[in-house]
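Enquirer: Heads up: the protein sequence lines correspond to chains A and B, in order. Per the numbering used here, the first sequence starts with residue 27, numbered consecutively. Per the numbering used here, the second sequence starts with residue 27, numbered consecutively.
2 protein chains.
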Amino acid sequence: MNKGGDASDRAANETEARLSRASVGRLSLYLRRLEILLREGTTKVSSGTLGEALGVTDAQVRKDLAYLGHLGHPGVGYAAPELIDAIRRALGVDREWLAALAGVGNLGRALLRYRGFADRGFRIVALFDADPAKIGQRVEGLEVHSPDAMAELLPALGVELGVLTTPAESAQAVADAMALAGVRGLLTFAPGVLRRPAGVNVVSVDLTVQLEQLAFLVQHGGE
Amino acid sequence: MNKGGDASDRAANETEARLSRASVGRLSLYLRRLEILLREGTTKVSSGTLGEALGVTDAQVRKDLAYLGHLGHPGVGYAAPELIDAIRRALGVDREWLAALAGVGNLGRALLRYRGFADRGFRIVALFDADPAKIGQRVEGLEVHSPDAMAELLPALGVELGVLTTPAESAQAVADAMALAGVRGLLTFAPGVLRRPAGVNVVSVDLTVQLEQLAFLVQHGGE
DNA sequence: GGATGTGAACGACTTCACAGCG
DNA sequence: CGCTGTGAAGTCGTTCACATCC
Numbered sequence: 027m028n029k030g031g032d033a034s035d036r037a038a039n040e041t042e043a044r045l046s047r048a049s050v051g052r053l054s055l056y057l058r059r060l061e062i063l064l065r066e067g068t069t070k071v072s073s074g075t076l077g078e079a080l081g082v083t084d085a086q087v088r089k090d091l092a093y094l095g096h097l098g099h100p101g102v103g104y105a106a107p108e109l110i111d112a113i114r115r116a117l118g119v120d121r122e123w124l125a126a127l128a129g130v131g132n133l134g135r136a137l138l139r140y141r142g143f144a145d146r147g148f149r150i151v152a153l154f155d156a157d158p159a160k161i162g163q164r165v166e167g168l169e170v171h172s173p174d175a176m177a178e179l180l181p182a183l184g185v186e187l188g189v190l191t192t193p194a195e196s197a198q199a200v201a202d203a204m205a206l207a208g209v210r211g212l213l214t215f216a217p218g219v220l221r222r223p224a225g226v227n228v229v230s231v232d233l234t235v236q237l238e239q240l241a242f243l244v245q246h247g248g249e
Numbered sequence: 027m028n029k030g031g032d033a034s035d036r037a038a039n040e041t042e043a044r045l046s047r048a049s050v051g052r053l054s055l056y057l058r059r060l061e062i063l064l065r066e067g068t069t070k071v072s073s074g075t076l077g078e079a080l081g082v083t084d085a086q087v088r089k090d091l092a093y094l095g096h097l098g099h100p101g102v103g104y105a106a107p108e109l110i111d112a113i114r115r116a117l118g119v120d121r122e123w124l125a126a127l128a129g130v131g132n133l134g135r136a137l138l139r140y141r142g143f144a145d146r147g148f149r150i151v152a153l154f155d156a157d158p159a160k161i162g163q164r165v166e167g168l169e170v171h172s173p174d175a176m177a178e179l180l181p182a183l184g185v186e187l188g189v190l191t192t193p194a195e196s197a198q199a200v201a202d203a204m205a206l207a208g209v210r211g212l213l214t215f216a217p218g219v220l221r222r223p224a225g226v227n228v229v230s231v232d233l234t235v236q237l238e239q240l241a242f243l244v245q246h247g248g249e
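1) Using C-beta distances below 6 Å, list every residue in its chain close to H171 of chain B, excluding the 5 sequence neighbours before and after it, in chain order.
2) Cβ closer than 7 Å: which chain B residues qualify as neighbours of P217 of chain A?
3) Among B:L94, B:G95, B:V151, B:I110, whose alpha-carbon lies nearest the alpha-carbon of T257 of chain B?
4) Considering only the alpha carbon of each residue, which of B:A92, B:G218, B:G247 lies closest to E195 of chain B?
5) Compute the distance between the beta-carbons of L243 of chain A and N227 of chain B, then report whether it is under 8 Å.
6) Within a Cβ cutoff of 7 Å, which residues of the same chain sit near E122 of chain A, ignoring the five residues on either side of it in sequence?
7) Counting Cβ pairs, one atom from each stretch, are 3 or more of them under 8 Å apart for the segment 231-245 of chain A and the segment 201-221 of chain A?
8) Please say whether S72 of chain B and G95 of chain B have beta carbons closer to each other than 8 Å?
9) For the candidate residues B:A116, B:P223, B:F143, B:L60, whose alpha-carbon lies nearest to that of A125 of chain B?
10) Which chain B residues sit within Cβ distance under 8 Å of R210 of chain A?
11) Rounded to the nearest angstrom, what separates P107 of chain B and T75 of chain B at their Cα positions?
12) Look at the alpha carbon of G98 of chain A and the alpha carbon of A92 of chain A, and state the distance between them as a whole number of angstroms.
13) Could you tell me if I62 of chain B is buried or exposed, where buried requires 16 or more neighbouring beta carbons within 10 angstroms of its beta carbon?
14) Are L53 of chain A and D84 of chain A closer than 8 Å when you measure CB to CB?
15) In the DSSP assignment, find the beta strand (DSSP E) that holds A128 of chain A and state where it starts and stops.
16) Roughly how many angstroms separate the alpha carbons of A199 of chain A and A156 of chain A, rounded to a whole number?
17) Using a C-beta cutoff of 8 Å, does T234 of chain A count as contacting chain B?
18) Could you check how far apart the C-beta atoms of L190 of chain B and T214 of chain B are, in whole angstroms? I think they sit under 8 Å.
19) In whole angstroms, what is the alpha-carbon distance linking R59 of chain A and E66 of chain A?
20) At which residues does the alpha helix (DSSP H) containing I110 of chain A begin and terminate?
21) How would you label E178 of chain B, buried or exposed, when you count the other beta carbons within 10 angstroms and need 16 or more for buried?
22) Give a yes or no on whether 8 Å exceeds the smallest Cβ distance from E151 of chain A to chain B.
23) Check whether the Cβ atoms of A205 of chain A and P181 of chain A lie closer than 8 Å to each other.
24) Say whether chain B places a C-beta atom closer than 8 Å to the C-beta of F148 of chain A.
25) Going by DSSP in three states, E169 of chain B sits in which element: helix, strand or coil?
26) Looking at A241 of chain B: is its Cβ nearer than 8 Å to the Cβ of G118 of chain A?
27) For chain A, is any of its Cβ atoms less than 8 Å away from the one on A106 of chain B?
28) Quick check: what's the CA-CA separation for V165 of chain A versus G131 of chain B?
29) I need the straight-line Cα distance from V50 of chain A to I113 of chain B, nearest angstrom please.
30) Measuring alpha carbon to alpha carbon, tell me which of A:G247, A:G162, A:P158, A:G167 ends up nearest R139 of chain A.
31) Determine the burial state of P173 of chain A: buried for a count of at least 16 other Cβ atoms within 10 Å of its Cβ, exposed for fewer.
32) Quick check: what's the CA-CA separation for L45 of chain A versus R88 of chain B?
33) Assuming R59 of chain A is part of the alpha helix (DSSP H), what are its boundary residues?
34) Determine the extent of the alpha helix (DSSP H) in which F242 of chain A is found, giving its start and end residues.
35) Just verifying my parser: in three-state terms, what is the DSSP assignment at G134 of chain A?
36) Any chance you could list the beta strand (DSSP E) runs of at least 3 consecutive residues sitting entirely within the segment 153-212 of chain B, in chain order?
In structure tokens:
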């Protein structure tokens, strides 16, 4: 449903063909691998060598990279710096993203201190928690606000993304509130399925599902 | 590979057909939904109502559940308690799993306090960290050991699973060491791809990949 | 020669549609 | 009649294989 739609797209010239979810995930992996290779001095890489370390076939690598345009040089391979730039642009990590985090519990605090966010240009600039005891506290240099303040604060700060580390029960309400406050993407760690507010993209990291996945694999001797 | 093998399986009659990874993930979601429904007093559920809240078609639900055996009652639906038991058995969460955690940093500590683990029968019984300053400390009632102690401790405790919250650089070495110590499944949070030791199953939760997935979706207006 | 880009074959997963059972 | 279980059809993603270009 809703295929082309009213798309208020700016001159979306390059990356037009549909990237599958799996492809996008692999692009992330290529990107990290390429950054390591470049740091080690490698400036040219072939689809075979790039895929090898990641367990991806060379054909798959070429298909994935073909979406970004004609970056490969037949007989030679890909130029690492060029490729890195192209993937960064395609993934949207060539700029900074402002995010708000809701649910300042154990996991929330851990994520606040997590380097990976900042390294990729994701900056958490606002904290929210429903617990009155936490409101007003400072965590990692940021004040904890009441969820009621979202409607005012998020647009003012220009926050585009939300990170949900609330209990499962409150996740949906917080997601809806964030959507109303103009957030366009949510990364949720709350177990369970979130009904996505209109115009909001959701990526879910459900630890319970992952754990059960693992238990299943081990139990059934999946290799 | 290794289909029937030497499997020290107790009468493994039912769950024989291949469950896809996606199916297993959905079974987790069904399970949680069913538990909520049952708590609310619902004891019968049809494929349509079960799938609705999760965004899964009725046919898909039936296909998934068919792997577990003939549990459905035509014209009626499925009996929730029966179904819950069957899914628990299939996923292997009808028993306790002992796990060790390596990397007692922010994320590791957050996971230690995370309820979801214990709730599903995953018990963390040993901690490891390479930092000499941390070795000997007690965290959440558990002593932090040197990684060198794994070979001795893990088999003695009967640990089957490992949780990796180490930096990316050390993840592979720790994974290999755990494999040697008899661990059969790993849940890793280290960014990057792990080369899986023989006989070990790996589930990776790569936050960087998830973040970039989200940035991509938002950037390209994926709804 | 060596490696890319890509149609074609293949395979895996999902949806359709319907027979069959309570 | 309602809802399951399942072959058949359809869709999507991956691998193959090869023409093409440096």
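Every residue gets a Cβ at the ideal spot worked out from N, C-alpha and C, and that includes glycine.
Expert: Short version:
1) F154
2) Near P217 of chain A (Cβ distances below 7 Å), the residues of chain B are R58, G142.
3) Residue 257 of chain B is absent from the model: chain B starts at 27 and stops at 249.
4) Distances from the CA of E195 of chain B to each of B:A92, B:G218, B:G247 were compared; the closest alpha carbon is that of B:G218.
5) yes
6) Hits under 7 Å: G147, R149.
7) yes
8) no
9) B:F143
10) Going along chain B in sequence order, the residues near R210 of chain A (Cβ under 8 Å) are V244.
11) 16 Å
12) 8 Å
13) It is exposed - the Cβ of I62 of chain B has fewer than 16 other Cβ atoms within 10 Å.
14) no
15) 123-128
16) 11 Å
17) yes
18) 4 Å
19) 11 Å
20) 106-117
21) exposed
22) The residue you asked about is not Glu; residue 151 of chain A is Val in the sequence shown. No - not a single Cβ of chain B is within 8 Å of the one on V151 of chain A.
23) No, the pair does not count as a contact, with Cβ atoms beyond the cut-off.
24) Closer than 8 Å to some Cβ of chain B, the Cβ of F148 of chain A qualifies, so yes.
25) In the three-state DSSP reduction, E169 of chain B falls in the strand class (E or B).
26) yes
27) no
28) 17 Å
29) Distance from the CA atom of V50 of chain A to the CA atom of I113 of chain B, rounded to whole angstroms, is 31 Å.
30) A:G167
31) buried
32) 29 Å
33) 47-65
34) 233-245
35) Under the three-state reduction of DSSP, G134 of chain A is assigned to helix.
36) 168-171, 187-190
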